[in-house]
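Numbering (this note's numbering), first residue to last: 4 to 348. Note that beta-carbon positions come from the ideal geometry of N, C-alpha and C, so glycine has one too.
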Ligand code: DAH
């Protein structure tokens, strides 16, 4: 006689379940849980082995046996899934709880900045923008016509000499100054014109204060009634702002083909304030560029009526001005890329 309420297969299922519940609590990681699940639900496995014994169960009890076995299978599946999910939650919580020690000193980060010459160029553009000048641009490989001819520099002038100019071909040069941007601007814009043109220029020149490549900043204004005093006012504004000092300037008579009259721009020596020192060679003045009133010959080349309009122009060496402002001793420092020099600015 079998015990109707508790047949052998029921005891067997209860035994498997008890064994499962006994051991599962000790399993602490995903790998162990999955292996344990396979031990029960895999083939072979305790539950599938149990099902094979269906034939030994009296037909009348098979239904009950089947559903009890399925119940056990479902119980194990659900329990393992619950435990795996709990492990996941634990891991996520541990990730969140991981703290950062904000008192640790930071690792130094190498930080770059704009090159001194770039800073000066942008600053100059800003200073001129304050008085209505916009920035114009032109190519560094320039035609002989824009670089010389249109600026009334004749074919036999020494500035065209092989010693000064890098010729690319018979018709093209590396521009020797930014003045050709004046020409390009006047060809494309109608007066009133107010531009500056900062940019690189090239000459066969190489010593403490000269480099074969350097930066000029050109200025041009064309309108009705412009005079020499407008030129002086603009230059004075620039010098005072660029050097952040109340410096005087003077316009010393000179000669350029493309201006008439022409003048050298001198600024009061910022080291001795004019009393004479080593930097200004005792003169009290420092030369920073050339300037003048646009020559009618240049207007003729670009088709501007010189009876109606007048203009002034200037060109300054930006490296030289930065040398004076920051006490840089050799123009080469700008181009060697030595971080010990560059990082000072
Ligand atoms: N282009 C001249 C140079 O490189 C500088 C210069 C002089 C520019 C007089 C000008 C000017 O615009 O009016 O030496």
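> With 16 other CB atoms within 10 Å as the buried threshold, where does residue 171 fall?
Replying inline: exposed
> Which class does residue 333 belong to by DSSP, given the choice of helix, strand or coil?
Replying inline: coil
>> Please determine whether the Cβ atom of residue 143 lies at a distance below 8 Å from any heavy atom of the ligand DAH.
In response: no
>> Taking a contact to mean a Cβ-Cβ separation below 9 Å, would you say residue 143 touches residue 177 in this structure?
In response: Contact: yes.
> Would a C-beta distance cut-off of 9 Å place residue 226 and residue 197 closer than the cut-off?
Replying inline: yes
> Okay, do the region 119-133 and the region 311-327 touch, 3+ Cβ pairs below 8 Å being the bar?
Replying inline: yes
> Going by C-alpha distance, which of 145, 83, 59 is nearest residue 34?
Replying inline: Checking every option, the nearest Cα to that of residue 34 belongs to 83.
> Can the beta-carbon of residue 265 be found less than 9 Å from the beta-carbon of residue 314?
Replying inline: no
> Are the Cβ atoms of residue 254 and residue 272 separated by less than 9 Å?
Replying inline: no
> Smallest Cα separation from residue 136: which of 13, 297, 247, 237?
Replying inline: Answer by Cα proximity: 237.
> residue 179 to residue 168, Cα distance in whole Å?
Replying inline: Going from the Cα of residue 179 to the Cα of residue 168 covers about 6 Å.
> Nearest-angstrom Cα distance between residue 248 and residue 277?
Replying inline: 13 Å
>> For residue 187 and residue 275, what's the separation of their Cα atoms in angstroms?
In response: 40 Å
> How would you call residue 258, buried or exposed, if buried means at least 16 neighbouring beta carbons within 10 angstroms?
Replying inline: exposed
>> So, at 8 Å on beta carbons, what are the nonlocal neighbours of residue 127 in its own chain, with the 5 sequence-adjacent residues on each side left out?
In response: 199, 201, 220, 241, 245, 321
>> Please classify residue 108 as buried or exposed, where buried requires at least 16 other C-beta atoms within 10 Å of its C-beta.
In response: exposed
> Apart from the five residues just before and just after residue 4, which ones in its own chain have a Cβ nearer than 8 Å to its Cβ?
Replying inline: For residue 4, the pLDDT reaches just 47, beneath the cut-off of 50, and the residue's location in the model is therefore unreliable, leaving the point undetermined.
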